[in-house]
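In my numbering, the protein residues as written are 7 to 137.
See the structure below:
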């Protein structure tokens with residue numbers, strides 16, 4: 007297969023681990039365009055995950071991402087993340103960037119990975135690299 011996948015090509019793990027993860031987590035789906043099957047798949051994945059559609063609207067935020075307040079009015083709050091998504095969308099290739107999040111006196115450091123899909127959606131995953 008050449009190029010990125012479409013969201014419709016993803017298939018969730020229907021095993022017991024995925025069911026446990028789905029039952030244990032409460033994710034937020036922002037729009038009705040994310041199918042129940044995709045939401046189940048994303049919820050079963052560990053870590054901080056955000057799905058942004060081709061127009062920049064956030065469609066999914068994982069439970070682990072909620073405390074970071076990454077989203078306001080269905081958009082990513084960080085202009086640096088929005089620019090990163092635009093760059094990945096234009097290139098059509100996955101990318102990674104270092105990104106800092108300041109919250110009061112706290113500063114969290116992440117490596118953010120962006121994976122594009124053919125429909126223009128971008129899946130962001132965040133690795134916490136704070137010391």
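Backbone N, C-alpha and C fix where the C-beta goes; we use that ideal spot for every residue, glycine too.
Could you compute how far the alpha carbon of residue i sits from the alpha carbon of residue j?
i: residue 31; j: residue 92; result: The predicted position of residue 31 is uncertain, since its pLDDT is 42 and thus under 50; a value taken from the coordinates is nonetheless stated next. Distance between the alpha carbons of residue 31 and residue 92: 29 Å.
i: residue 124; j: residue 111; result: 40 Å
i: residue 65; j: residue 57; result: 6 Å
i: residue 50; j: residue 71; result: 14 Å
i: residue 83; j: residue 99; result: 23 Å
i: residue 103; j: residue 42; result: 30 Å
Do residue j and residue i come within 9 Å of each other at the CB atom, strictly closer than that value?
i: residue 120; j: residue 107; result: no
Does residue i have its Cβ less than 9 Å from a Cβ in chain D?
i: residue 88; result: Here there is only one protein chain, and chain D is not present.
From which residue to which residue does the alpha helix (DSSP H) around residue i run?
i: residue 84; result: Run containing residue 84: none; DSSP gives neither H nor E here.
i: residue 50; result: 42-50
From the options, pick the residue whose C-alpha is nearest to that of residue i; which is it?
i: residue 109; options: 75, 69 and 45; result: 75
Run through DSSP, which three-state label would residue i get?
i: residue 76; result: coil
i: residue 95; result: helix
First and last residue of the beta strand (DSSP E) that includes residue i?
i: residue 102; result: 101-109
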